[in-house]
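S.K.: Encoded as structure tokens, here's the structure I'll be asking about.
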Amino acid sequence: MFKTNRGRNLFFSTEIEAGISDADVVFVAVNTPNKTFGQVAEKAADLQYLEKTSRQILAHSTSDKIIIEKSTVPVRTSNAMERILNGGKNNIRFDVLFNPEFLAEGTAIRDLESPDRVLIGSRETENGIKARKEIVEIYANWVPKERIIESNTWSAERSKLTENAFLAQRISSINAISALCEKTEADINEVASAVGMDSRIGPKFLDARVGFGGSCFKKDIFNLVYICQNYDLQEVADYWESVVKINEWQENRFVRNMLSSMFNTIAGKKISLLGFAFKANTGDTRESPAMYIARGLLEEHAQIVVSDPQALGNARNDLKDAEGDLVFEENPYKAAEGAHAIAVLTEWDEYRNLDYERLLSSMVHPSFIFDGRNILDHQRLFEMGFNVYSIGRAPLKHFR
Ligand code: UDX
């Protein structure tokens, strides 16, 4: 995409000031991480980058502009941007629109080229609606008109946080049921596919796993919780916070399960973690369940070998302050040599197709495999000699 468009209608530049003054439309796509310091650290968004950018736009504008906020933001942030921009004394009009980004990592270009929908929020004033229509026309170059939705700014802001909260809630719901399935001889895959066939529910985002990670879900839910608390809606805040709590519980449960299955002690035992990224096809490890699991196992004094085809650089950084016996090894066969257990923590395709006979022959017996992503052929592994633990199914073990 870059190769075909660069130099034609796509240009890269570090001259931000000239870029601002030449533009009719400015998309602001800066980071809005949660605060790591001061008041309401963790829950409130850190809006300093948005504010600095607004001031920079104001300082370098010489004509009217449409400003589009792309970052995921808490309630009424567009209002703050508007106040900064229109508080200037230079008689320039800024129309601030909110156009949230819905793409997911690993499928970014596909999501951009063929989005489920594009959402554009503006003030419902004459100027606001005019600005909105201009942006609709840009998207209409490649997105069918019926997939371009217009709303007021505040609905657009709320829609983005709500969508991520709903997606995360589906995962926490299916993960909660996975624990029940493990105890009651039900199979979570069968339950999820039966439930997902109801067209009102739908089949996506019902994969029970070791827990959700990534840079968005937890941050956005905490934002939602914080907003609700601010508006004195404590019950609503508690409801959404429980989605994050179930996720933490699912990650802890995985560690507890490993410990209890391996005869209640993993001190000094070598455990090979296959996968550290928060999902496959990315090296991103932000909020990855693997990080919490590695730390939990290290606290039990296990000897940990972390393996991942793309995320070892980030993994080293994430675990730099972790104490204990920890090594990094890209080759999964080497990572499993002499191990008591393997835990699959990211659904990389290559882990589906490893030579598990070879892995088993180099491990300590009895050998355990914990499939935190439910991607392996459990029956086959069991027949080979592994004790197999998955999410949402009773374990397959060679002893009582
Ligand atoms: C998410 C949203 O999907 C996207 O719309 C938003 O713009 C940004 O946040 P992303 O974080 O890139 O995207 O990844 P996503 O594919 O949503 O996965 C998030 C986490 O949920 C991953 O750890 C994934 O493994 C986990 N997951 C996903 C499950 O555990 N089960 C599922 O069924 C689906």
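For the sequence shown, position 142 (counting from the first letter as 1) is numbered 141 according to numbering that gives the first Met the number 0, and the numbering increases by one without interruption. We put the CB at the ideal spot given by N, CA and C, even for glycine.
(1) By alpha-carbon positions, which one of Met80, Leu57, Arg315 ends up nearest to Asp307?
(2) Tell me whether the beta-carbon of His377 lies closer than 7 Å to the beta-carbon of Ser360.
(3) Going by DSSP, what residues sit across from Asn33 in a beta bridge?
(4) Taking contact to mean at least 3 C-beta pairs separated by less than 8 Å, is the region 20–36 in contact with the region 59–78?
(5) Answer with buried or exposed for Arg208, where buried requires no fewer than 16 other C-beta atoms within 10 angstroms of its C-beta.
(6) With a threshold of 6 Å, establish whether the CB of Ile170 neighbours any heavy atom of the ligand UDX.
(7) Could you please give the first and the last residue of the uninterrupted beta strand (DSSP E) stretch that includes Tyr388?
(8) Do you know whose CA, among Glu125, Ile119, Asn126, Glu145, lies nearest Ile134's CA?
(9) Given a cut-off of 7 Å on the beta-carbon distance, is the pair Leu272 and Ala175 in contact?
(10) Is DSSP giving Glu104 helix, strand or coil here?
(11) Nearest-angstrom Cα distance between Ser403 and Val363?
(12) Would Thr284 pass as a contact of Ala310 if the rule is Cβ separation under 7 Å?
(13) Please go through the same chain and pick out, in chain order, the residues whose beta-carbon is closer than 7 Å to the beta-carbon of Leu57, but skip the five residues on each side of it.
(14) Considering only C-alpha positions, which residue in the set Asn330, Asn352, Gly295 is nearest to Ala401?
(15) Applying the criterion that 16 or more other CB atoms from any shown protein chain within 10 Å of the CB defines a buried residue, is Gly37 buried or exposed?
(16) If you measure from the CB of Gly127, is any heavy atom of the ligand UDX nearer than 6 Å?
(17) Taking the straight line between their C-alpha atoms, what separation do you get for Leu318 and Leu160?
(18) Sorry if obvious, but does the Cβ on Asp370 come closer than 6 Å to a heavy atom of the ligand UDX?
(19) In whole angstroms, what is the alpha-carbon distance linking Gly105 and Gln233?
(20) Bridge partners for Asp237 per DSSP, in chain order?
(21) Note down the Cα distance separating Val304 from Phe277, rounded to an integer number of angstroms.
(22) Quick one: grab the DSSP three-state call for Gly120.
M.R.: In short:
(1) On the sequence shown, position 308 is the one that residue 307 refers to. When each option's Cα is compared against that of Asp307, the closest is Arg315.
(2) Looking up residue 377 in the sequence shown gives position 378. Looking up residue 360 in the sequence shown gives position 361. No. Outside cutoff.
(3) If you number the sequence shown from 1, residue 33 lands on position 34. Bridge partners of Asn33: Ala44.
(4) yes
(5) Start at 1 with the first residue of the sequence shown, and residue 208 comes out as number 209. Arg208 is buried by the Cβ-count criterion.
(6) For the purposes of this step, residue 170 is taken as residue 171 along the sequence shown, with counting starting at 1. For the ligand UDX, at least one heavy atom lies less than 6 Å from the Cβ of Ile170.
(7) In the sequence shown, the residue the question calls residue 388 occupies position 389. Where Tyr388 is concerned, the enclosing beta strand (DSSP E) stretches over 386–389.
(8) Looking up residue 134 in the sequence shown gives position 135. Nearest C-alpha to Ile134: Ile119.
(9) Along the sequence shown, one-based indexing puts residue 272 at 273. Along the sequence shown, one-based indexing puts residue 175 at 176. In this structure, Ala175 does not lie closer than 7 Å to Leu272 by Cβ.
(10) Along the sequence shown, read from residue 1 onward, the residue named residue 104 stands at position 105. In this structure, Glu104 counts as coil in the three-state DSSP scheme.
(11) The requested residue 403 does not occur in the structure, where the chain is confined to residues 0 to 399.
(12) In the sequence shown, residue 284 corresponds to position 285, counting from 1. In the sequence shown, residue 310 corresponds to position 311, counting from 1. Yes, the Cβ-Cβ distance between Thr284 and Ala310 is below 7 Å.
(13) The sequence position of residue 57 within the sequence shown is 58, counting from 1. Cβ within range, chain order: Ile83, Leu84, Gly87.
(14) The structure shown does not extend to residue 401, since the chain is modelled only from 0 to 399, so the question has no answer here.
(15) For the purposes of this step, residue 37 is identified with residue 38 of the sequence shown, where counting begins at 1. Exposed is the call here.
(16) Position 128 of the sequence shown holds residue 127. Not so, every heavy atom of the ligand UDX lies at least 6 Å from the Cβ.
(17) Counting from one through the sequence shown, the residue named residue 318 turns up at place 319. Counting from one through the sequence shown, the residue named residue 160 turns up at place 161. Between Leu318 and Leu160, the C-alpha separation is close to 30 Å.
(18) Locating residue 370 in the sequence shown gives position 371, where the first residue counts as 1. Asp370 Cβ: outside cutoff for every heavy atom of the ligand UDX.
(19) One-based indexing of the sequence shown puts residue 105 at position 106. One-based indexing of the sequence shown puts residue 233 at position 234. If I take the Cα positions, the gap works out to 36 Å.
(20) On the sequence shown, residue 237 is found 238 positions in, with the first residue counted as 1. Answer is none; Asp237 lacks a bridge partner.
(21) Looking up residue 304 in the sequence shown gives position 305. Looking up residue 277 in the sequence shown gives position 278. Each residue's Cα considered, the two are about 17 Å apart.
(22) Here the question's residue 120 lines up with position 121 in the sequence shown. The three-state secondary structure of Gly120, taken from DSSP, is strand.
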